[in-house]
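Since the structure comes first, as C-alpha cells, the remarks are kept for the end.
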Ligand code: SF4
C-alpha cells in the first residue's frame, strides 16, 4: 500500500508516476465501490509531475496493446462504416479508397454527434454518394440537405470541398496522415483516423475519449485544453499505437472511452486496462480521489451574448401573392451559407427605434428598399423575442413582421445577394427561416419557392399573421 506521505507527495507533484502492480488491485466489487465515491477532490492540489516526464514503459505498452485489442475483438460495436472497412480489407485501390472515404465521412459526422444519430445519416449519405467521385459532383445545397439536423454545417461543406479537391488532383485518396492534412477540412484527428484505419499507418488518433483514457491511465492533472498538454497526450498516444494493427488499436482506444471509461461513471471493473490505470490505483488508496477527477475539469469559456434584429419582410403586390424576402448568409462564420430572414447583428441590447433603424438601413443598402421612396409600410409590428443557444453564443433575436407595398423599383444591390432559389432544398434555410416555414407554411401545402422569395399558401393575411404570432410566441422568453 502507498503511505500517506507518498500519496501527498504524489498529489503535490513531488514524485513521478507511481505505477502499482496488479496485486494492489482489489476485487471488482471493491473497485466499483471506490469509483463511485461521491466526494470530489478537485480543490486539492492534484498536480502531477510535468507531463513530458510521464511515459509508458515498454512493458506497459505491450500489456495495454494486448489487452485493449483482445477486448476490442470481443466487444467491438457493429457499425456500418466498420462493415465497409472490413469488407474492403483486401487490396484494390478502388476498395481501399472507398474504405478511406467511409472512414472520413463517418469520422466527420461523429464529431459533435452521437453514434446512434450518425448511423442513419451515414447510410443515407453512402447510398447517395457511394464514392468520393459521386460526392465531388454534388452541389452544396444537396450536401446541406443531406446534412440537415446534424448541425455544424461547415463540416459538410468541408467534406464536399475536400472531395472536389481530391478528385481534381487525380482522384486517388491521399494515404498518409501528413498528405491527408493537405486536404481542405482534414485536421490531425481525421487524418490519423483515415490513415490508420484505412491505410494501416501507425499514427495516433486523439479525441476526447482518448484524452480521458490517457489522463486516467497516467493520472495526468495538467489542463487537458492547454496546447502543450494536448501535444504531450498525442505523443503518449503515438507511443501506444500498435504498429501491426494501428486502425483497430485506435478504434479500440476511442471505443473504450466511449463505452467503458465514460466521463462520469466509468466501469472500471470491466476495463481491460484497469491494471495499468494509475487513476484507479490512486482512487483505491486515497479516499478523496476519484478516477473521475481525471482529466482535470476546466471552466468553460464564458458564453458570448449577441443580439440581433430580424425582420420577416413581406412584400405585397397588386394581383399577386405576397412574397417573403430571404437572404443568404456569408460563406464563412456562423450558419455559413444558409438562408434566413433579413437580420442585423446589434452592438448590444437595443430599443425598438434603434432596431428598426438598423433593419431599415440594411434593407436599403442591400435591396434598395427605401421606406420613404420605394415602398410603403402597410404593417410593422413586433412578433416576439427568440433566444437560440449555440455552443459558445447566446443569440437573442428581436423579430418583427414588416409588410411592404412596393411603390418604386426593388432591386438587390450588395451582398448578401438573394439568388434564384427555385427548388432550393428546404433544409438549407437557417433555423429561423426553417422555423417560419414549418410554422407559417407547414400547416398547408409546401410553399412554392421562387426567385429570392417564399410564396406562402393562399390563406388570408389575418390568418398568416395569427400563425406568425403564435409561432414566435412559443419561443418568446423572458430575458
Ligand atoms: S481507464 Fe478508465 S475505466 Fe479503465 S480503470 Fe482507468 S478509469 Fe477505470
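Numbering (our numbering), first residue to last: 31 to 509.
Think of the CB as a built atom: it goes at the ideal place given N, C-alpha and C, for glycine as much as any other residue.
From the DSSP output, in three-state form, read off residue 328 for me.
Here residue 328 carries a coil assignment [DSSP, helix/strand/coil].
Extent of the continuous beta strand (DSSP E) run through residue 151
Not the beta strand (DSSP E): residue 151 falls in the alpha helix (DSSP H), residues 145-158.
At which residue ranges does the region 179-247 contain complete alpha helix (DSSP H) runs of 4 or more residues, listed in the order of the chain?
Listed in chain order, they are 184-198, 207-210, 218-229 and 238-247.
Going by DSSP, name the residue or residues bridged to residue 96.
Note: residue 96 sits in no beta bridge, so no partner.
Check each candidate in 273, 424, 222 and 163 and name the one with the smallest Cα separation from residue 198.
Taking the Cα of residue 198 as reference, the smallest distance to any Cα among 273, 424, 222 and 163 is reached at 163.
Among the residues of its own chain, which have a CB less than 7 Å from the CB of residue 287, if the five just before and after it don't count?
Here residue 287 has 239, 240, 242 and 243 as same chain residues with Cβ atoms under 7 Å from its own Cβ, once five neighbours each way along the sequence are excluded.
Is the beta carbon of residue 247 less than 8 Å from the beta carbon of residue 316?
The answer is no: Cβ separation not under 8 Å.
Tell me whether residue 87 counts as near the ligand SF4, meaning its Cβ is closer than 7 Å to at least one heavy atom of that ligand.
No, since every heavy atom of the ligand SF4 falls outside the 7 Å radius drawn around the Cβ of residue 87.
With a Cβ-Cβ cutoff of 8 Å, do residue 413 and residue 425 count as a contact?
For residue 413 and residue 425, no; Cβs fall outside 8 Å.
For residue 336, name the three-state secondary structure that DSSP assigns.
DSSP, reduced to helix, strand and coil, places residue 336 within a strand of the structure shown.
When we look at the beta-carbon of residue 127 and count the other beta-carbons within 10 Å, is it buried (16 or more) or exposed?
Around the beta carbon of residue 127, a 10 Å sphere encloses 16 or more other beta carbons of the protein chains shown; the residue is thus reported as buried.
Below 8 Å between beta carbons: does that hold for residue 206 and residue 186?
Taking the C-beta atoms as reference points, residue 186 is found no nearer than 8 Å to residue 206.
How would you label residue 360, buried or exposed, when you count the other beta carbons within 10 angstroms and need 16 or more for buried?
By the 10 Å Cβ count, residue 360 comes out exposed.
Restricting to Cα atoms, I'd like to know which of 380, 319, 396 and 323 is closest to residue 357.
For the residues 380, 319, 396 and 323, the minimum Cα distance to residue 357 belongs to 396.
Within its chain, find whatever has a CB closer than 8 Å to the CB of residue 296; leave out the 5 residues flanking it on each side and keep chain order.
If we look at residue 296 and ignore the five residues flanking it on each side, its Cβ neighbours are 65, 246, 290, 321 and 322.
Can you pull the DSSP bridge partners for residue 373?
Under DSSP, residue 373 forms a beta bridge with 340.
Beta bridge counterpart(s) of residue 433 as assigned by DSSP:
Under DSSP, residue 433 shares a beta bridge with 344 and 409.
Residue 290: CB within 7 Å of a non-hydrogen atom of the ligand SF4:
Checking every heavy atom of the ligand SF4 against the Cβ of residue 290, one is found closer than 7 Å.
Applying the criterion that 16 or more other CB atoms from any shown protein chain within 10 Å of the CB defines a buried residue, is residue 385 buried or exposed?
Counting of Cβ neighbours within 10 angstroms places residue 385 among the buried residues, the total reaching 16 or more.
Helix, strand or coil for residue 418 per DSSP?
In the three-state reduction of the DSSP assignment, residue 418 falls in the strand class, which pools E and B.
Other residues of its chain near residue 132: CB distance less than 6 Å, five sequence neighbours each side excluded:
So the list reads 111 and 114, once near-sequence residues are dropped.
Are the beta-carbon atoms of residue 283 and residue 98 separated by less than 8 Å?
For the 8 Å CB-CB criterion, residue 283 and residue 98 form a contact.
Given a cut-off of 8 Å, decide if residue 234 and residue 280 are closer than it, judged by their beta-carbon atoms.
Residue 280 places its beta carbon less than 8 Å from that of residue 234.
Distance, Cα to Cα, residue 194 vs residue 337?
Each residue's alpha carbon lies about 37 Å from the other.
The alpha helix (DSSP H) with residue 128 in it runs from where to where?
Here the alpha helix (DSSP H) through residue 128 covers 123-140.
For a cutoff of 8 Å on Cβ pairs, would you count residue 124 as touching chain B?
Chain labels in this structure do not include chain B; a single protein chain is all it has.
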